[in-house]
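**Student:**
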Amino acid sequence: MIKPVVKEYNAPVGDQIITFETGKLAGQAGGAVTVRIGDTIVFCAATMSDDVREGTDFLPLTVDYEEKMYAGGKIPGSFFRREGRPGNDAILVARLTDRSIRPLFAKHMHNPIQVILYSLSADTENPLDLMCINAASAALMISNIPWEGPIAAVRIGRVDGKFVVNPTYAQMDVSDLDLRIAGSKDAILMVECGADEVPEAVIVEAVAFGHEAMQPLIDLQLQMAEEIGKVKEIIPEPESNEPFIDQIRNKVAADIHTALVSPHTKAEYAQAVKDIEAKVIEEMIADAEKPEKITADIKQAFHDIEKDIIRNRIIEEGIRPDGRKSTEIRPIWCEVAYSPRAHGSAIFTRGETQVLTFATLGTPREAQEIDTLSPTDTKRYMHHYNFPSFCTGEVKPSRSSSRREIGHGNLAERALLPMIPSEQVFPYTIRLVSEVMASNGSSSMASVCASTLALMDCGVPIKEPITGIAMGLIKEGDRYVILTDIQGMEDHLGDMDFKVAGSKNGITALQMDIKIKGLSSQLLSEALDQGRVARMEIMEMILETIPQPNSALKPHAPRISIMKVAIDKIGAIIGPGGKMIRALQEETKTKIDIGDDGTVFIAALDVESEMIARDRISALIETAEVGRIYTGKVVRIADFGAFVEILPGTDGMVHISQLDSERVEKVEDVASLGEELTVMVTAIDDNGKIRLSRQAVLEGWTAEEALSHDKRKPSTGGSSSSGNRRGGSGGGGSYNRDRGSSDRGGDRGGDRGKPSYRPRSDSDNKKD
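Residue numbers (this note's numbering): 707 to 1474.
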């Protein structure tokens, strides 16, 4: 057997050593590596096909990340107990990797390229996401695939005001910054950030810090490519036919200019350009020998000419396709409380982009359960984003959420997460759904604004309103223009899509994608400053619509209150097999959740139901107290006395000598089954058996006086507050050993009327 030649490379990054290994796995892939930090390992294989589909005018790059549960020693929680379709976290990692590597492929490359990533080991200490970017870059560098890398990626946290490179999960729990950046030797390619109102200047500083920290990873990959890299395949560039392009330009340039300067909507401009294109195609294919081939060439040339005209108009004249200046925001209008039954709703419209967001409140049990390799297992705040085909005037099949929808929903969720009140302050699960009703650019940031409005309409006490804006860039050589509030055309024809969200105090989320080969820190800083001005302008409009969160929830929203019980009392509320809590919810028309720490959440649609449920729970967990008077039902009669249930599941015995002020010949003369008696707890022994006295109530004695008149002395002093509670293994016996546990062992069920506690009163004495 021939052993593989394994190569290992190490790079110091921050306080860690990152190890790249190749040669052991996937020998037939174009390039394959593993990347290791601690006990976390990611595998990547990159492969290119020579089978280019005719007519393809884009790069068919596919990036897939498969989160293998065996990497963390877990069996998948699905019915089939195997990995199924990628979860949201895996899709987000794949998108992050794709956005980082895509700008460095040549524009003329149309070969199918596939990058596949696996998690092989997860130590729940080091995150996997940025390891995937580094693994993809290294696999491409040593493969036969033409690519203008390498790149590297690092995460920057901020703990106690100090930057940390590649922080662990534990460090991220106390960090106010989660900045992920990818870059080349000289520039930044991708930025993804979640933050707790961090100032723009700190973000720029963190980006520069991260770019410096990633340099050892770039140097290592250059070394790998030189020592073990395969010879890159040559993909010939198509020959440029300048005379043909100039011919088309002469025919269409004036008409495109006219369409641009005329007042227009997105649809009107698209139709005008479509008519111009159709006209020139009709003219030029009239005498052509191969009309299909020349039609494709005309369409490609027409697109490039239109792009050049729009970009030059912005650079030279500072005028955008819709006539705005570079810093100008499109007209905005807002509305809240659109839906009469939703817990919160809002419309946010900016230009031709419109988002309708709904807020829904739920109980803690409705939090999302997460089955991934990260330490997070639940999520109580969720944001979902839907982008139907009609929002762009198109007809497409309606399928499950796309990668884009998942990514935009995650971005909006991250933008608002720092503003969501804690569970202790607002004990609800919160779901936001943003429906994009119309789109002409920046629908994700419109979702952030609509979500802020919906949360405030719902009555969620968010810390600060959040607004978002998308910034663009047109760059030609050393000249550039940063664009505020880009529309769809500027995103498509421009060089950057930089989404910025935050409060008046600072940034909460960033996402930057670029099409050029890098961005300087100076340009990034300018874009952030220009974006802040726009965000504050939008903030004024939001606060004019609703100046603060509503002080009360909608009438049909659940009211959740919190009470705390001892951990050993949880079982008493739940009951055998959940019987008690189910009956309690049905009878009070509430939803009740109980945490492992004894926190009880009661959700009700009205105050009365909530109070009834709270009183019932209090009764279930109440323990008997010596000297206290209870009114309860007689649940058993014996020759020597009566057993009275003074609390749910808790009873004590009234000896025949303590049933009345006068001598009692037979217990039945005073007490009968189901009858209510008012009694005092006079003693509780070490086994939790309760001694009761009706005579003490009638005579007005204290517990000590009652005991002094009782010829049967208790076995203890009676200072215990524990009760004789039935149910489960501790349901136990009565006060008298003759009673026997088989007579009333276990749970007595929830059908019987529950006794209530009330203080002694004259009416009780008269009744007795």
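Think of the CB as a built atom: it goes at the ideal place given N, C-alpha and C, for glycine as much as any other residue. Note that the structure is a prediction, hence the values are computed from the model and not measured.
Is Thr-971 closer than 7 Å to Ala-1309 when the C-beta atoms are compared?
**Tutor:** The count along the sequence shown starts at 1 and reaches residue 1309 at position 603. The count along the sequence shown starts at 1 and reaches residue 971 at position 265. In this structure, Thr-971 does not lie closer than 7 Å to Ala-1309 by Cβ.
**Student:** Determine the closest residue to Tyr-1087 out of Leu-802, Ile-1136, Ser-1106 and Ala-1121, with distance taken between C-alpha atoms.
**Tutor:** Working through the sequence shown from its first residue, we reach residue 1087 at position 381. Answer by Cα proximity: Ile-1136.
**Student:** With a threshold of 8 Å, are at least 3 pairs of Cβ atoms found where one atom belongs to the segment 1241-1249 and the other to the segment 1265-1280?
**Tutor:** no
**Student:** What does the alpha-carbon distance come out to for the pair Glu-1141 and Tyr-715?
**Tutor:** The count along the sequence shown starts at 1 and reaches residue 1141 at position 435. The count along the sequence shown starts at 1 and reaches residue 715 at position 9. Spanning the two alpha carbons is a distance of roughly 48 Å.
**Student:** Taking all protein chains shown into account, decide if Glu-1371 is buried (16 or more other Cβ within 10 angstroms of its Cβ) or exposed.
**Tutor:** Taking the first residue of the sequence shown as position 1, residue 1371 is located at position 665. If you draw a 10 Å sphere on the C-beta of Glu-1371, you find fewer than 16 other C-beta atoms in it, and that means exposed.
**Student:** Taking the alpha carbon of Ala-1389 as the reference point, which residue from Ser-1378, Leu-1383, Glu-1382 and Ala-1402 has its own alpha carbon closest?
**Tutor:** Position 683 of the sequence shown, counting from 1, holds the residue named residue 1389. Answer by Cα proximity: Ala-1402.
**Student:** Indicate the three-state DSSP secondary structure (helix, strand or coil) for Gln-1401 in the structure shown.
**Tutor:** Numbered from its first residue, the sequence shown carries residue 1401 at position 695. Gln-1401 falls in the helix class under three-state DSSP.
**Student:** For Phe-1307, count neighbouring C-beta atoms within 10 Å of its own C-beta (all shown protein chains included) and say buried if the count is 16 or more, exposed if not.
**Tutor:** On the sequence shown, residue 1307 is found 601 positions in, with the first residue counted as 1. Taking every protein chain shown into account, the CB of Phe-1307 has 16 or more other CB atoms within 10 angstroms, so this residue is buried.
**Student:** How many angstroms separate the CA atom of Tyr-824 from the CA atom of Lys-936?
**Tutor:** Taking the sequence shown and counting its residues from 1, one reaches residue 824 at position 118. Taking the sequence shown and counting its residues from 1, one reaches residue 936 at position 230. Computed Cα separation, rounded: 23 Å.
**Student:** For a minimum of 4 consecutive residues, which ranges assigned as the alpha helix (DSSP H) are wholly contained in the segment 927-1013?
**Tutor:** 948-967 and 972-990
**Student:** Could you spell out where the beta strand (DSSP E) holding Phe-785 opens and where it closes?
**Tutor:** Reading the sequence shown from its first residue, position 79 is the one you call residue 785. Here Phe-785 belongs to no beta strand (DSSP E), and DSSP marks it neither H nor E.
**Student:** Quick check: the segment 1252-1260 against the segment 1039-1056, are there 3 or more CB pairs under 8 Å?
**Tutor:** The segment 1252-1260, when compared against the segment 1039-1056, does touch it at the 8 Å Cβ threshold.
**Student:** On the three-state DSSP scale, how would you describe Ser-1150?
**Tutor:** The residue labelled residue 1150 in the question sits at position 444 within the sequence shown. DSSP places Ser-1150 in helix when its eight states are reduced to three.
**Student:** If distances are taken between C-alpha atoms only, which option among Gly-855, Arg-886, Asp-866 and Tyr-875 comes closest to Asp-892?
**Tutor:** As a first step, residue 892 must be located in the sequence shown, where it is residue number 186. The shortest Cα separation from Asp-892 among Gly-855, Arg-886, Asp-866 and Tyr-875 belongs to Gly-855.
**Student:** In whole angstroms, what is the alpha-carbon distance linking Thr-1337 and Ala-1272?
**Tutor:** The sequence position of residue 1337 within the sequence shown is 631, counting from 1. The sequence position of residue 1272 within the sequence shown is 566, counting from 1. Distance between the alpha carbons of Thr-1337 and Ala-1272: 24 Å.
**Student:** Any idea what DSSP makes of Gln-1364, helix, strand or coil?
**Tutor:** Sequence index remark: in the sequence shown, residue 1364 carries index 658 (1-based). DSSP places Gln-1364 in helix when its eight states are reduced to three.
**Student:** Rounded to a whole number of angstroms, what is the C-alpha to C-alpha distance between Gly-1424 and Lys-1270?
**Tutor:** Position 718 of the sequence shown, counting from 1, holds the residue named residue 1424. Position 564 of the sequence shown, counting from 1, holds the residue named residue 1270. Interpretation of Gly-1424 is limited by its pLDDT of 41, a score under 50 that renders its predicted location unreliable; the figure taken from the coordinates is listed afterwards. Rounded to whole angstroms, Gly-1424 to Lys-1270 spans 27 Å at the Cα level.
**Student:** Tell me the residue span of the beta strand (DSSP E) that contains Ala-717.
**Tutor:** Here residue 717 is taken as the residue at index 11 of the sequence shown, counted from 1. Taken as a continuous stretch (DSSP letters only), the beta strand (DSSP E) holding Ala-717 covers 713-719.
**Student:** Can you look up Tyr-875 in the DSSP assignment and give me helix, strand or coil?
**Tutor:** If you number the sequence shown from 1, residue 875 lands on position 169. Residue state, collapsed to three classes: helix.
**Student:** Going straight from the alpha carbon of Ser-1108 to that of Ala-800, what length do you get?
**Tutor:** What you label residue 1108 is simply residue 402 of the sequence shown in a count that begins at 1. What you label residue 800 is simply residue 94 of the sequence shown in a count that begins at 1. Spanning the two alpha carbons is a distance of roughly 13 Å.
**Student:** So, are the CB atoms of Ala-1176 and Lys-1205 less than 7 Å apart?
**Tutor:** For the purposes of this step, residue 1176 is identified with residue 470 of the sequence shown, where counting begins at 1. For the purposes of this step, residue 1205 is identified with residue 499 of the sequence shown, where counting begins at 1. Cβ atoms of Ala-1176 and Lys-1205: closer than 7 Å.
**Student:** For Gly-1479, which option in Val-880, Ser-946 and Ala-914 has the closest C-alpha, if you only look at C-alpha atoms?
**Tutor:** Nothing can be reported for residue 1479: it is not among the residues displayed for the chain, which extend from 707 to 1474.
**Student:** Does DSSP classify Leu-1062 as helix, strand or coil?
**Tutor:** Taking the sequence shown and counting its residues from 1, the one referred to as residue 1062 is at position 356. Three-state DSSP puts Leu-1062 in a strand.
**Student:** Can you tell me whether Tyr-1087 is helix, strand or coil according to DSSP?
**Tutor:** Here residue 1087 is taken as the residue at index 381 of the sequence shown, counted from 1. If DSSP states are grouped into helix, strand and coil, Tyr-1087 belongs with the strands.
**Student:** My assumption, with CB atoms under 8 Å, is that Ala-1144 sits in contact with Cys-1097. Please give the rounded CB distance.
**Tutor:** In the sequence shown, counting from the first residue as 1, residue 1144 sits at position 438. In the sequence shown, counting from the first residue as 1, residue 1097 sits at position 391. Right, their Cβ atoms sit about 5 Å apart.
**Student:** On the three-pair Cβ rule with 8 Å, is the segment 826-838 touching the segment 733-748?
**Tutor:** The segment 826-838 is in contact with the segment 733-748.
**Student:** Please name the residue in Thr-1294, Ile-954 and Val-1341 whose C-alpha comes closest to that of Arg-1322.
**Tutor:** Mapped onto the sequence shown, residue 1322 falls at position 616. Considering only alpha carbons, the answer is Thr-1294.
**Student:** What distance in whole Å lies between the Cβ atoms of Gly-778 and Thr-830, which are believed to be in contact at a cut-off of 8 Å?
**Tutor:** Your numbering for residue 830 matches position 124 in the sequence shown. Your numbering for residue 778 matches position 72 in the sequence shown. Confirmed, Cβ separation roughly 7 Å.
**Student:** According to DSSP, what are the bridge partners of Phe-811?
**Tutor:** Along the sequence shown, one-based indexing puts residue 811 at 105. Paired residue(s): none; Phe-811 is not in a bridge.
**Student:** With a 10 Å radius around its C-beta and 16 neighbouring C-beta atoms as the bar for buried, classify Pro-1037 as buried or exposed.
**Tutor:** In the sequence shown, the residue the question calls residue 1037 occupies position 331. Under this definition Pro-1037 is an exposed residue.
**Student:** Quick one: what's Thr-675 bridged to in DSSP?
**Tutor:** Since the first and last residues shown for the chain are 707 and 1474, residue 675 lies out of range.
**Student:** Keeping to the same chain, check which residues put their C-beta closer than 8 Å to that of Leu-966; ignore five residues upstream and five downstream.
**Tutor:** Counting from 1 along the sequence shown, the entry for residue 966 is found at position 260. The residues are Tyr-975, Ile-1015, Ile-1016, Arg-1019 and Pro-1027.
**Student:** Counting C-beta neighbours from all protein chains within 10 Å, is the total for Gln-1228 16 or more, i.e. buried, or is it exposed?
**Tutor:** Within the sequence shown, residue 1228 is the residue found at index 522, counting from 1. Exposed, since its Cβ has fewer than 16 Cβ neighbours within 10 Å.
**Student:** Can you grab the Cα-Cα spacing for the pair Ile-940 / Glu-1182, in whole Å?
**Tutor:** Taking the sequence shown and counting its residues from 1, one reaches residue 940 at position 234. Taking the sequence shown and counting its residues from 1, one reaches residue 1182 at position 476. Those two C-alpha atoms are separated by around 27 Å.
**Student:** Considering Cα atoms alone, identify which of Thr-1033, Ser-1080, Val-908 and Ala-992 is closest to Asp-879.
**Tutor:** Here residue 879 corresponds to residue number 173 of the sequence shown, with the count starting at 1. Taking only the C-alpha atoms, the option nearest Asp-879 is Ser-1080.
**Student:** If you run the structure through DSSP and keep just helix, strand and coil, what is Ile-839?
**Tutor:** By one-based count along the sequence shown, residue 839 stands at place 133. Correct three-state label for Ile-839: helix.
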